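Let me begin by presenting the structure, written as structure tokens, before commenting on it.
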Amino acid sequence: MARALLGLLLLLSLGVNAEVYTYLDKDGNRVFTDQPRRSNAQRLNLTPANAMPKMPGPLYAPMAPAQPPEPPAYQVLRILVPEPDATIRANDGELIVTVSSDPTLLPGHSYRLMLDGVAVGEPGRSPVFPLHNLDRGTHQLSVEILDQRGQTLEQTPNQPFHLKRVSVADNDSEEQPVVASHP
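If you count by mature numbering (1 follows the signal peptide of the UniProt record, and there is no 0), then the sequence shown holds residues -18 to -1, 1 to 165, one letter each, in order.
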């Protein structure tokens, strides 16, 4: 049976004008051929195969070789000081923020510090940012690495810190007893 099926498939692949005959051999197997060798061979009427006109050019566009994705230029970018969620006591509101990247800043790139979503100062190559006269309360810091065009290449997530400044309202001292003087 497998030979018969194979024969049929081969015959179907012949040109449209080819004649196909079939008969049963001495073992009862169906045979397909293009030569009517037996007296019991019958001619098959095959319907024309579906055909499409030849299309000019290749069937597919050649693919460009796959390029591996570029690894990020920086493996690590983080704020070292202050640590996340740190409480800083600074009565003058002064704070020095320090950042780090690995690898170190590449040529043409710069750091930009963001305080509460707003850029602080001009972008630069120094990983140290002095902040002056900060208000007390909770603030969010993040740092970005910018390319030559000012486009952000990398950015840390927002990192909170809490600044404490002494005020008259924060009087922690115990109340002094009032001493009455007698005449």
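Ideal placement from N, C-alpha and C gives every residue a C-beta, glycine not left out. Nothing here was measured: the structure is a model prediction, and the numbers come from that model.
Residue range of the unbroken beta strand (DSSP E) whose run includes residue i
| i | result |
| --- | --- |
| Ser82 | 77 to 84 |
| His114 | Counting along the chain, His114 falls outside any beta strand (DSSP E), and DSSP gives it neither H nor E. |
| His144 | 141 to 146 |
| Thr29 | Element bounds for Thr29: n/a, residue is neither H nor E. |
| Thr138 | First-last for Thr138: undefined, no H or E at that position. |
| Arg19 | Careful: Arg19 lies outside any beta strand (DSSP E) and carries neither H nor E. |
| Ala46 | That residue, Ala46, is in no beta strand (DSSP E); it is neither H nor E in DSSP. |
| Leu6 | 2 to 6 |
| Ala68 | 68 to 71 |
Rounded separation between residue i and residue j - CA only
| i | j | result |
| --- | --- | --- |
| Ser149 | Gly106 | 34 Å |
| Ser83 | Tyr56 | 7 Å |
| Asn73 | Leu62 | 22 Å |
| Thr15 | Thr29 | 17 Å |
| Asn32 | Asp129 | 58 Å |
| Glu76 | Ile70 | 10 Å |
| Phe143 | Asp67 | 5 Å |
| Arg60 | His91 | 16 Å |
| Pro85 | Val58 | 7 Å |
| Arg94 | Ser108 | 9 Å |
| Met34 | Lys8 | 41 Å |
| Ala162 | Asp117 | Note that Ala162 has pLDDT 49, beneath the 50 cutoff, so the model's placement of it is unreliable and the number below is only indicative. Rounded to whole angstroms, Ala162 to Asp117 spans 40 Å at the Cα level. |
| Glu65 | Pro139 | 13 Å |
| Arg131 | Val125 | 17 Å |
| His121 | Pro89 | 31 Å |
| Gly10 | Asn27 | 22 Å |
| Leu87 | Ile78 | 19 Å |
| Pro44 | Ile127 | 38 Å |
| Pro36 | Ala48 | For the sequence presented, residue 36 should be read as Lys rather than Pro. Computed Cα separation, rounded: 30 Å. |
Contact test: residue i Cβ vs the ligand NAD heavy atom, cutoff 8 Å
| i | result |
| --- | --- |
| Leu77 | The model depicted lacks the ligand NAD and carries no ligand whatsoever. |
Residue i and residue j closer than 9 Å at C-beta
| i | j | result |
| --- | --- | --- |
| Gly119 | Leu145 | yes |
| Gln137 | Leu123 | no |
| Leu113 | Val100 | no |
| Arg25 | Val2 | yes |
| Phe111 | Thr134 | no |
Opposing strand residues paired with residue i [DSSP bridges]
| i | result |
| --- | --- |
| Gln133 | DSSP output for Gln133 lists no bridge partner at all. |
| Met96 | Ala101, Ser124 |
| Tyr56 | DSSP output for Tyr56 lists no bridge partner at all. |
| Gly106 | Tyr93 |
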